[in-house]
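Everything below concerns the one structure shown next.
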Amino acid sequence: MDSGGYRGKAGAGAAAGGWRGRGRGIGRSGQDGSLGRGRSTGRSGGDHQYHTRQQFYHQQQQYNQQMWVSSQDGRGSGRYGGLRPTRGAYGGHGGEGRGRGWCQYAVPVQSQMELQRPSPESLPTVQSQMELRRPSPESLPTVQSQMELQRTFPETLPCDSPIVPEMQSLQISGQSPSSSSSSTSPPEVAGKLIPMKRPDNGGKKDIRRISLHANHFRVKYNPETIIRHYDIDVKLDMPTKNNLPTTFSKTVLSAVRDKLFSDDPTRFPSLSMTAYDGEKNIFSTESLPTGKFKLELSNEEGSKIQSFKVQVQLVNELKYEKLDSYLSGLTFTIPRDVLQAMDVVTKENPTKQMIYVGKSFHSTRPYLQVDLGRGVIASEGIKHSLKTTSQGAALCLDYSVLPLRKPMPVIDYLREDIRGFDLNNFASFRKKVENALKGLKVTVTHRSSNHRYKIAALTDENVQDICFDLEDLSGDQIPLRRVSLVEYFKEKYSKDIMYKDIPCLDLGKSNRKIYVPMEFCAITAGQRYGKERLEKYQAEKLRKISLAPPKVRESTIYGMIRSGDGPCGGGICKNFGIEADMNMTSVIGRVIEPPELKLGTSRGRWMKATVDRRKCDWNLNRNSVISSKPITVWGVIDFGTFSIERFIPDLISRCYRLNINMEKPVFYKRLQMGLLYEADNLHQLLENVKDESFKIGGSHLQILLCVLPEQDPGYNNLKWISETKVGILTQCCLSANANKSKDQFLANVALKINAKLGGSNMELLTQPQCLQSKSHVMFIGVDSNRPGPLNATSPSIAAVVATMNWPAANQYATRICPQDNRAEKILKIGTMCLQLVNTYAQLNQVRPDKIVLFRDGVSDNQFDMVLNEELRDIKRTFRAQNYFPTITIVVAQKRHTTRLFLDGDREENVPPGTVVDTKITSLVGFDFYLCSHFGHIGTSKPAHYHVLWDENDFTSDQLQELIYGMCFTSAQCTKPVSLVPPVCYADRAAYRGRLYHDSIEWDHSSASSSSSSKASFDEKFYRLHPNLENSMFFI
0 MDSGGYRGKA
10 GAGAAAGGWR
20 GRGRGIGRSG
30 QDGSLGRGRS
40 TGRSGGDHQY
50 HTRQQFYHQQ
60 QQYNQQMWVS
70 SQDGRGSGRY
80 GGLRPTRGAY
90 GGHGGEGRGR
100 GWCQYAVPVQ
110 SQMELQRPSP
120 ESLPTVQSQM
130 ELRRPSPESL
140 PTVQSQMELQ
150 RTFPETLPCD
160 SPIVPEMQSL
170 QISGQSPSSS
180 SSSTSPPEVA
190 GKLIPMKRPD
200 NGGKKDIRRI
210 SLHANHFRVK
220 YNPETIIRHY
230 DIDVKLDMPT
240 KNNLPTTFSK
250 TVLSAVRDKL
260 FSDDPTRFPS
270 LSMTAYDGEK
280 NIFSTESLPT
290 GKFKLELSNE
300 EGSKIQSFKV
310 QVQLVNELKY
320 EKLDSYLSGL
330 TFTIPRDVLQ
340 AMDVVTKENP
350 TKQMIYVGKS
360 FHSTRPYLQV
370 DLGRGVIASE
380 GIKHSLKTTS
390 QGAALCLDYS
400 VLPLRKPMPV
410 IDYLREDIRG
420 FDLNNFASFR
430 KKVENALKGL
440 KVTVTHRSSN
450 HRYKIAALTD
460 ENVQDICFDL
470 EDLSGDQIPL
480 RRVSLVEYFK
490 EKYSKDIMYK
500 DIPCLDLGKS
510 NRKIYVPMEF
520 CAITAGQRYG
530 KERLEKYQAE
540 KLRKISLAPP
550 KVRESTIYGM
560 IRSGDGPCGG
570 GICKNFGIEA
580 DMNMTSVIGR
590 VIEPPELKLG
600 TSRGRWMKAT
610 VDRRKCDWNL
620 NRNSVISSKP
630 ITVWGVIDFG
640 TFSIERFIPD
650 LISRCYRLNI
660 NMEKPVFYKR
670 LQMGLLYEAD
680 NLHQLLENVK
690 DESFKIGGSH
700 LQILLCVLPE
710 QDPGYNNLKW
720 ISETKVGILT
730 QCCLSANANK
740 SKDQFLANVA
750 LKINAKLGGS
760 NMELLTQPQC
770 LQSKSHVMFI
780 GVDSNRPGPL
790 NATSPSIAAV
800 VATMNWPAAN
810 QYATRICPQD
820 NRAEKILKIG
830 TMCLQLVNTY
840 AQLNQVRPDK
850 IVLFRDGVSD
860 NQFDMVLNEE
870 LRDIKRTFRA
880 QNYFPTITIV
890 VAQKRHTTRL
900 FLDGDREENV
910 PPGTVVDTKI
920 TSLVGFDFYL
930 CSHFGHIGTS
940 KPAHYHVLWD
950 ENDFTSDQLQ
960 ELIYGMCFTS
970 AQCTKPVSLV
980 PPVCYADRAA
990 YRGRLYHDSI
1000 EWDHSSASSS
1010 SSSKASFDEK
1020 FYRLHPNLEN
1030 SMFFI
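Numbering that gives the first Met the number 0 puts the first residue of the sequence shown at 0, with every later residue one more than the last.
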């Protein structure tokens, strides 16, 4: 075997200076730059048994480099299989055993134009390979050198492209590579890490299999079709006064494209033969004339004609055969240019027929809109994307519901949106009107052009008081004359203004004023209304519409794919040689076994929990938590009105039944809500409460229960000050729930309090078999909370959470840090992870040997960033501390459009534990869909997990079992959650950081805006108080 036989993990019998053990490892050696992986124990040096298996691959990679690859697989026993450099100890040499390994040899091809089978002479002989596999004692690395070799990260190695993605790394002859970080070499292309390939053919374990339909519609195409890709550049014919470049909206650019085609129909084909992305790219099945063109179009205001210069250039000619080659495995580079063209083609018809909002299309038909009140509607639409999957190209289409502003006259909108609004008393409502209208788009109705504008402000003067100098637009030297706005609308548009004693809307931009009376403006369709702004009754109504039952959702999706408004309507796809199957993809789902759980008993012991076979939930009526801490010093602050005489005894009683010893509170205070808005006074109050509790109870305040009358922004201040400045754990609840004191509510409060104080509510009976070893394992969750799309000043908030207890792995610590405004990469992820590792070491006297990191909030095109920026940062930081754990990176996605439906007429959702890792998953990657929760209402959405990097050698079954089991360990409930807890907690922690930011801005609002913005990026304002750093304060 190769040098991989003597670098690995010690066996169970190994110890410092021990003589028995087994190991596995990876190494590279030999004149041909061979790469070996193996496991071996014993004494015979690997020369007793030897078998080879050769396979030959060919691929044209970057820089037109071609190679032959020989994969050789050997078996044997080896003497030096158990060295353990991480501990500086010999894992053992002696004993007997057998090992397996394989090597890859890279041999240059003599000609790039001709495939030649390498001659036997060009491959290493059996004898030479045996010499490679059997190192002499003198050649073994010392403990120190092993420490330097083990888990060296690829950035320290020479960068060479592998020949095929299936082979994770390949060293070229003549180089001197170092050892890898795991028994499977990291995937690398041209010095860049790439997502790993699925290690097997998918999972096999299940308790039963079920027939499913997935909302993936198989796409067929004609491989011979040629798509011509053109670049279209639009500029004003006359430069602006300051010569600055002019940007145009998609509406204007689409109008320019349409005018260009309609002006010269003999040279330009029908629009149905083209697809436009509304920016720079036009795709066409027919040739377009290239060159420079001029055209005229009325501007957005409709006040004058604008001249445009348009340049059309051919960029490329695309063929579907590139996609065909990729899907059939003949090439390994994703044809993104072809996929981009197909994606634009499938969106062309919906763009013409519907309103594009965010990433979804919405119809203007009234029967697809539901009035939510106060000028808001729930609009039903479609969301779709083109995917390359194991079964081929597929169109993934789903049902979407968004709250939009109702298209209606502005004055009617104000009457709906502002309670008690009265035009006759406009002055008293002016501030509310400005807040309601600023930034909204309106369509003017006094002209036939129906141009759209954005509201900049209200005029200072009322309509009847506005006068201006009438400009000469005809070119004749007519003297300027002073006219009133009322006279102008009468003369110009023959319109009488009805509401003269209210302000106009200022629709101008760039210091140009455009005054239009409100009665001649209507709210433009397709404007989103933030869900967070909905009132409770509106949110509940929207929720009912959005949560369509499985069969209703499935039927709606079928209607959308077959609709004339949909992606396949209008004949455009057909003109491009694209045809979508009208039936969903049939796929087999595997329902995997739920984990065994343990709960506490009233006697302080634990027992195996009974999990419901259908819903996979459990109850705590006869059970208790695993462990708890006595709650002896705690207090209550009532910011509203609630029945303390009932609630407090009921909560203490419920805690007692859960085996949580809670005594009576040491104090109770009733305060006004206004105090939450006074940061300094609130800070002082909490400091006083903290001191008072110590004097009365004799120890530090453990938790402060705050009862609020309603959800209120003051909650942000309470959390920020208590968690970053004072160091008090708080538990908030609404007085309406406290007054009812329902058992389930009391149990939820008790579970949260216990978890925040370091207790354990439930645990897995055993960890998955793949992790049952003496190694310590840490689970990490990473997420980033980004500001809204229109916010260009606030920071993104990054959060990293990590488990602090193994093997229970249900207690988390967190770190929060502000990032750049639109930062996608977690800028200090290495430092944040190392801080949590050091905390783990302080608590457990050992660093974790294995890390499984779950990354949330990234899309497929950001996988490269996760691997080549974030993972490298983590490895670099760890290596500087002489720390080399094995790391697995898993991306968890929840914002996707895939849905699963049971076959037949069954109305229910797919059961918990349903896994799909065939047909609708990645063509080459390691991914799977897992529905871990029971869907009570609506249609369950499975989580989509992508394994990008794995140094722990998980199989599909092992990782699916691990993640499903973790979904049962959430501290907040007695059922499996829909997303793995590290991701859920990271999301909560990042959102908590967003609350801190809002409070920071509020606290600094009296200063200048620049000072406030600077403060919101300062890490010290987000740094947790030392008392809370290692607690689950965020749940």
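Just so you know, even glycine gets a beta-carbon here, dropped at the ideal spot from N, CA and C.
None of these values were measured; they are calculated from a predicted model.
Residue burial classification, residue i (beta-carbon count within 10 angstroms, cutoff 16)
| i | result |
| --- | --- |
| Asp500 | exposed |
| Gly438 | exposed |
Cα-Cα separation between residue i and residue j, rounded to whole angstroms
| i | j | result |
| --- | --- | --- |
| Ser180 | Val776 | Here Ser180 scores only 40 on pLDDT, less than 50, and its place in the model is too uncertain to base an answer on. |
| Ile651 | Ser601 | 15 angstroms |
| Gly525 | Arg612 | 45 angstroms |
| Phe1033 | Thr876 | 27 angstroms |
| Lys1019 | Ile850 | 28 angstroms |
| Arg197 | Asp952 | 11 angstroms |
| Arg83 | Tyr882 | Model confidence at Arg83 stands at a pLDDT of 34, short of 50, so the residue's coordinates are unreliable; what they give is reported in the following sentence. Rounded to the nearest angstrom, the two C-alpha atoms are 14 angstroms apart. |
| Pro941 | Glu907 | 15 angstroms |
| His1024 | Asp1017 | 15 angstroms |
| Ile513 | Gly507 | 5 angstroms |
| Pro194 | Leu870 | 12 angstroms |
| Phe693 | Met1031 | 22 angstroms |
| Cys972 | Leu750 | 8 angstroms |
| Lys741 | Asp199 | 49 angstroms |
| Asn461 | Lys494 | 17 angstroms |
| Leu901 | Cys615 | 18 angstroms |
| Leu959 | Val586 | Rather than Leu, the amino acid found at residue 959 in this sequence is Gln. Their backbone Cα atoms lie some 18 angstroms apart in a straight line. |
Residue i vs residue j beta-carbon contact at 7 angstroms
| i | j | result |
| --- | --- | --- |
| Tyr229 | Ile281 | yes |
| Val890 | Leu899 | no |
| Ser627 | Asn747 | no |
| Ser253 | Gly277 | yes |
| Asp637 | Arg669 | yes |
| Ala274 | Val344 | yes |
| Val443 | Val515 | yes |
| Ser759 | Ile625 | yes |
| Glu285 | Pro268 | yes |
| Leu700 | Ile727 | yes |
Closest by C-alpha distance to residue i, when choosing among the options
| i | options | result |
| --- | --- | --- |
| Asn221 | Glu320, Tyr366 and Leu703 | Glu320 |
| Pro593 | Ala970, Thr765, Tyr714 and Lys431 | Thr765 |
| Gly1049 | Leu619, Gly529 and Thr896 | An answer regarding residue 1049 cannot be provided, because it is not within the stretch 0 to 1034 covered by the chain. |
| Lys358 | Leu322, Tyr398 and Val375 | Tyr398 |
| Asp370 | Met353, Leu401, Ile333 and Ile591 | Leu401 |
| Val865 | Leu322, Gln880 and Thr887 | Thr887 |
| Phe1043 | Gln701, Thr245 and Ala735 | Absent from the structure is residue 1043, since the part of the chain shown begins at 0 and ends at 1034. |
| Gln537 | Gly372, Asn660 and Gln671 | Gly372 |
| Ala435 | Leu422, His445, Asp416 and Asp421 | Asp416 |
| Ala807 | Ala791, Glu762 and Leu826 | Glu762 |
| Gln834 | Glu644, Asn1029, Val311 and Gln312 | Asn1029 |
| Asn843 | Asn804, Ala798, Met831 and Asn784 | Asn804 |
| Lys724 | Leu235, Val845, Asp679 and Gln671 | Asp679 |
| Asp232 | Val218, Val309, Gly934 and Trp1001 | Val309 |
| Cys966 | Ser793, Gly576, Lys386 and Tyr984 | Tyr984 |
Proximity test, residue i beta-carbon vs the ligand MN heavy atom, cut-off 6 angstroms
| i | result |
| --- | --- |
| Phe853 | As presented, the structure is devoid of all ligands, the ligand MN included, so that no description of it is given. |
Q) Is it a yes or a no for the region 500-520 touching the region 452-461, going by three-plus beta-carbon pairs under 8 angstroms? A) yes
Q: For the region 990-997 and the region 698-708, state whether three or more C-beta atom pairs, one from each stretch, are separated by less than 8 angstroms.
A: Contact between the region 990-997 and the region 698-708 is absent, because fewer than three Cβ pairs lie under 8 angstroms.
Q: State whether the region 255-262 contacts the region 422-434, with contact taken as three or more CB pairs (one from each stretch) at a distance under 8 angstroms.
A: no
Q.
Using 8 angstroms as the cut-off, can you tell me whether the region 324-340 makes contact with the region 557-571, which would need three or more C-beta pairs spanning the two stretches below that distance?
A. no
Q) Touching or not, the region 777-784 and the region 673-686, by the rule of three or more beta carbon pairs under 8 angstroms? A) Contact fails: fewer than three Cβ-Cβ distances are below 8 angstroms.
Q. Does the count of Cβ pairs from the region 970-978 and the region 931-941 closer than 8 angstroms reach three?
A. yes
Q | Three or more C-beta pairs below 8 angstroms linking the region 349-363 and the region 377-385 | A | yes
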